[in-house]
Amino acid sequence: TAEKQLRTYRYQPKTNETFKDIANKFGVDEDQLFYANSAKTPNRNIAQGLILTIPGKDTELRPEERFVRPTSSNLSTIRYDEKTNTLLVRGRGRKVTLKDIRDNGGGEYLEEVAPKVWYAKATIFLYYGVTLELDKREVEWFKLESNKNRFVMLRSLSGDIIINGVKITSWDEDSNDYDKELKDGRSFIMAKDNSRMDIYNSELAYLGYATSPDLAVSPYGVSWKLAKDKLKKVLLTGEVINNKFHHNYFGAFTFGATGMTWRGNEFYENIVYGLDPHDDSNGFLVENNTLYGNGSHGIIFSKRCMYNTIRNNYSYNNKLHGIMLHEKSDFNIIENNILEGNTSGVALFASSNNIIRNNTIKNNRYGVRANVSSNNNAIQNNYISGSKLYGVYFYDKANSNLIRENTLERNDVAIYVRSDANMESIQK
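Residue 1 is where the sequence shown starts when you use UniProt numbering, and the numbers rise one by one after that.
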């Protein structure tokens, strides 16, 4: 499989460090480093305490001038927009907390209702270059108003959201419970465009609902979303470590994100997917996560998702597939996972040049399934057992795939090939 260094890293600069200093330290291009962080570093100024994104060495951003523009002011301002029930937070390079927002114009719409329990009655919208810190030292549970009449959101547009040790949910005051009715919409979190959203040791639950063609947002629950015209112009990324995502519409969703790390999380009982990196989500490391009881796939990478590594995860008892690569999701590695009790352990749909190796795949309907011209994939050194139908199943022009040195036991049929050009590639 081809490899590219796209994974990003989180870095807090030392006092007086410059872009040149940091670029030299990490061996990356200075301009690419700036482009990755341009929203929050006006005039290339790095504010003290700011978190920077170190782009992968193979990242190639080509921003338009408007994405790296200078600024006349980076003072923090908070304004309430009555029409949209939104607190708009501005200030490139500035960090704010819930207390800052409350004390500087947001007090009517944001309150601490009990010690470290905060309730938002208006959407919080972080604009260009603002960083919101949600930390357990200030907030342990952040409730977003969500009921039959209206719901509020936490959103950024080229702003950062850093969450550590916080529970974030929808909340219906009338029922004194989470909002469990999706038909009238529900609170969600979304970081958009040149944003970084990091989440650590937190719980994100009862968020999101299905989208519709008229929506300009991704309301699925917890989302990283890049506008299509920003692809390869700005960088959207984050670290997501040791969290619980449950009872969301999608556990978590990305669109056009690059180089994210997903480690040690639980995704369970979400309405559709557990983890859904979508269009052009590339260079991810997805490791040591547990995914179960989701209404569709545990993990799905869909539409041109490339150079991702999916390893050491446990995906079980999901209604559809344990791990799926969908529609031109090529050059990925799926290794050392345990996949059981799903429809397919691994499913490949129109995806090629992937490596599926050293996985334990047991008690699924299909062990590894590939179709729709999924070609040149390597299925090797896997333990595949207890498949109700086929251990390995190739069909619908899934050709030129390699099956090598797998152990297949107690499957109804070990290997079933219904495509044209695979038989010579089956090796003992």
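The C-beta atom is built at its ideal place from N, Cα and C for all residues, glycine as well. Only a predicted model underlies this, so the values are computations on that prediction, with no experimental measurement involved.
- Per DSSP, the unbroken beta strand (DSSP E) holding residue 370 starts and ends at 366 to 371.
- According to the DSSP secondary-structure assignment, residue 63 is paired through a beta bridge with no residue.
- Linking residue 3 to residue 150 through their CA atoms gives a straight-line distance of about 46 Å.
- Look at the beta carbons and you see the region 88 to 98 not touching the region 306 to 322: under three pairs across the two are nearer than 8 Å.
- The beta carbons of residue 199 and residue 168 sit no closer together than 7 Å.
- Look at residue 172 here: in three-state DSSP terms it is strand.
- When the Cα atoms are used, residue 118 and residue 141 turn out to be separated by approximately 6 Å.
- Here DSSP, grouped into helix, strand and coil, assigns residue 400 to coil.
- Per DSSP, the beta bridge partners of residue 239 are 261.
- Contact between the region 376 to 384 and the region 393 to 413 is established, with three or more Cβ pairs separated by less than 8 Å.
- Contact annotation: residue 258 and residue 283 have beta-carbon atoms nearer than 7 Å.
- In the structure shown, residue 42 adopts helical secondary structure according to DSSP, grouped into three states.
- Below 8 Å, enough C-beta pairs join the region 298 to 312 and the region 335 to 351 to call them touching: three or more.
- Counting along the chain, the unbroken beta strand (DSSP E) around residue 198 starts and ends at 197 to 200.
- Counting the other Cβ atoms within 10 Å of the Cβ of residue 15 gives fewer than 16, which makes it exposed.
- Taking the C-beta atoms as reference points, residue 133 is found nearer than 7 Å to residue 95.
- Here residue 232 is near residue 62, since their CB atoms are less than 7 Å apart.
- Within the same chain, Cβ atoms closer than 7 Å to the Cβ of residue 371 are found at 349, 395, 396 and 398, the five residues on either side in sequence being excluded.
- Secondary structure remark: continuous beta strand (DSSP E) runs of at least 3 residues inside the region 244 to 312, in chain order: 244 to 246, 252 to 255, 261 to 263, 266 to 268, 275 to 278, 285 to 287, 290 to 292, 299 to 302 and 309 to 311.
- If you draw a 10 Å sphere on the C-beta of residue 205, you find 16 or more other C-beta atoms in it, and that means buried.
- When DSSP reads this structure, residue 360 sits in a beta bridge with 338 and 383.
- For residue 230, the three-state secondary structure derived from DSSP is helix.
- Spanning the alpha carbons of residue 173 and residue 180 requires a straight line of approximately 12 Å.
- Cβ neighbours of residue 286 within its own chain (closer than 6 Å, five residues either side excluded): 262 and 310.
- Scanning 320, 9 and 209 for the CA closest to the CA of residue 25 turns up 9.
- Residue pairing by DSSP places residue 53 opposite 10 in a beta bridge.
- Contact between the region 263 to 272 and the region 246 to 253 is present, with at least three C-beta pairs closer than 8 Å.
- As computed with DSSP, residue 321 is found in no beta bridge at all.
- In the three-state reduction of the DSSP assignment, residue 194 falls in the coil class, being assigned neither a helical nor a strand state.
- Listed in chain order, the beta strand (DSSP E) runs fully inside the region 94 to 132 are 110 to 114, 117 to 120 and 123 to 127, counting runs of at least 3 residues.
- Restricting attention to 101, 137, 114 and 109, the CA atom closest to the CA of residue 126 is found in 101.
- Ranked by Cα distance from residue 32, the first of 64, 47 and 50 is 64.
- Per DSSP, the continuous beta strand (DSSP E) segment holding residue 87 begins and ends at 86 to 90.
- In this structure, residue 295 sits near residue 319, with a CB-CB distance shorter than 7 Å.
- A distance below 7 Å separates the beta carbons of residue 154 and residue 189.
- Residue environment analysis places residue 177 among the exposed positions, since fewer than 16 neighbouring C-beta atoms fall within 10 angstroms of its C-beta.
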